[in-house]
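Colleague: Heads up: the sequence shown at position 130 corresponds to 482 in our numbering, and the numbers run straight through without jumps. Please see the structure below; I have some questions.
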Amino acid sequence: MSDLSGKPEVLKKINTAMVLNLIRKQGPISRADISKALNISRPTVSKLTADLLSDGEIVEIGEGESKGGKKPILLKLNSNNAYVVGIHLSHPVTKIALANNAGEILVREDMNTDSIENITDDLSEIIQKCFQFAGLQVNQISSIAIGISGMANPDTGEILHARFISGLKGLHLKKNLESKFKVPVFIDNDVYMGLIGQESFLENKPSSMAFVTIGELVGLGMMIEGKVYRGGRYAAGEIGDMLINASQQLSNGFQADGGYLERWLEWNKIEPILLENDSDDIEKSQIVSQYRFMIACCLSNIICLYDPERIFIGGKILKSNHLPAIQELLHQINPRAPLLETTYYKGDTELMGSLYMAIQILHKNLTINENLF
């Protein structure tokens, strides 16, 4: 981080964000423990927490145990101070969740995404229903974050590519929803959201990690030196376009919208076979073995590319029990491969990442956002 000694207002915002984030994660917590954990002076912590109390961001909940002397007053997040919406916009199902300031989901709804002709109105209607079901007013919404199955510019919200959701490319979804709800809207690739969601759960955060989703869609989210890597055109991690067996994958010629690996894996055809896992059927066993091998090759390519410390697997593949076999194949192909880990939130990792980002927007957490954007 650059020298901020001459920028007291910026430094105050960063310190406030750090204090708020610590209270969110470790509260109830005393001012003394905040000072010690963040290496911020006691008077500064007292001033920052006074401002947060005045703004209703945190509350005092009583006294903690004394370590000698006066008992400390404990602070915790005011979880009902604000509400956020996270959305995983995908095909064929879009997931929407309403959560409070602490990230606790109050209402969750799923929406069919076969058609997006009226996507702004459809999402707006479900968001309003979520608030109604929670017994809240929709004007209590503070921010919205959306992970889409496609490429997006997180700075502008422009949707650059969405192969599986026809008509989404170029749609002014951010502008439309901001106009409707009068709150900030953040849009990013859903795999990046999944990466952020998983990283937010980890206590010991690796400097490099990968989130790989495997199902109808195949995607990669990369974190390098603690930062999400999106690439020069926001297309980093589009491994659904990867070639593993070029002669077979290109047998039908070049495809303008890519997707060579996703087409070759044919998830919709192979999913029932993977779930059935009938070892007595020789033909089906061969199909399963070939699928495992292709996934292992894909993962090996990722490791060769940037050698992540940890690899987390998400997506519909988690409905089956094939990860141990894929892990064994992966180690045969690439002995340097780390252990494959399942995501904490299973099939909701992208949705939880969207909620996490919505909360970061709400808290204006500069210490985290400078790494994510």
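Cβ atoms here follow ideal geometry from the backbone N, Cα and C, with glycine treated the same way. Remember, it's a predicted structure, so these values are computed and weren't measured experimentally.
Check the DSSP bridge columns for Leu-572 and list the partner residues they point to.
Modeller: Paired residue(s): Val-564.
Colleague: Straight-line CA distance for Gly-502 to Glu-415?
Modeller: Going from the Cα of Gly-502 to the Cα of Glu-415 covers about 49 Å.
Colleague: In three-state DSSP terms, what is Ile-468?
Modeller: Three-state result, Ile-468: coil.
Colleague: Below 8 Å on the Cβ atoms is my guess for Ile-410 versus Leu-429; work out the distance and round it to an integer in Å.
Modeller: Contact flag correct, Cβ pair sits at about 6 Å.
Colleague: Decide if the region 532-542 is in contact with the region 635-645; the criterion is three or more beta carbon pairs, one per stretch, under 8 Å apart.
Modeller: Judged by Cβ distances under 8 Å, the region 532-542 makes no contact with the region 635-645, as fewer than three pairs qualify.
Colleague: Would you kindly report the start and end of the unbroken beta strand (DSSP E) that includes Asn-430?
Modeller: Premise fails: Asn-430 is in no beta strand (DSSP E) and is neither H nor E.
Colleague: Could you check whether His-683 and Ala-677 sit closer than 7 Å to each other, using their CB atoms as the reference points?
Modeller: The answer is no: Cβ separation not under 7 Å.
Colleague: Three Cβ pairs or more, each shorter than 8 Å: is that satisfied between the region 567-575 and the region 586-593?
Modeller: Segments in contact, yes.
Colleague: Quick one, which of Asn-433, Ile-448 and Asn-453 has its alpha-carbon nearest Ile-711's?
Modeller: Of the listed residues, the one whose Cα sits closest to Ile-711 is Asn-453.
Colleague: Please state if the CB of Leu-441 and the CB of Ile-386 are separated by a distance shorter than 7 Å.
Modeller: No.
Colleague: What residues are listed by DSSP as bridge partners for Asp-462?
Modeller: Beta-bridge pairing links Asp-462 to Lys-447.
Colleague: Is His-683 helix, strand or coil when you go by DSSP?
Modeller: Helix at His-683.
Colleague: Per the DSSP calculation, Glu-693 is bridged to which residue(s)?
Modeller: The partner list for Glu-693 (beta bridge, DSSP) reads Phe-664.
Colleague: Quick one: using the 10 Å Cβ neighbour count with 16 as the cut-off for buried, is Arg-394 buried or exposed?
Modeller: Counting Cβ neighbours within 10 Å, Arg-394 comes out exposed, since fewer than 16 surround it.
Colleague: Among all the DSSP beta bridges, which residues are the ones paired with Tyr-581?
Modeller: Tyr-581 is bridged to Met-574.
Colleague: Tell me, please, whether the CB atom of Lys-388 is closer than 7 Å to any CB atom in chain D?
Modeller: No chain D is part of this structure, which consists of one protein chain only.
Colleague: Quick one: using the 10 Å Cβ neighbour count with 16 as the cut-off for buried, is Glu-628 buried or exposed?
Modeller: Exposed, by the Cβ-count rule.
Colleague: Use the C-beta contact count for Gly-438: other C-beta atoms within 10 angstroms, 16 or more gives buried, fewer gives exposed.
Modeller: By the neighbour-count rule (16 or more Cβ atoms within 10 Å), Gly-438 is buried.
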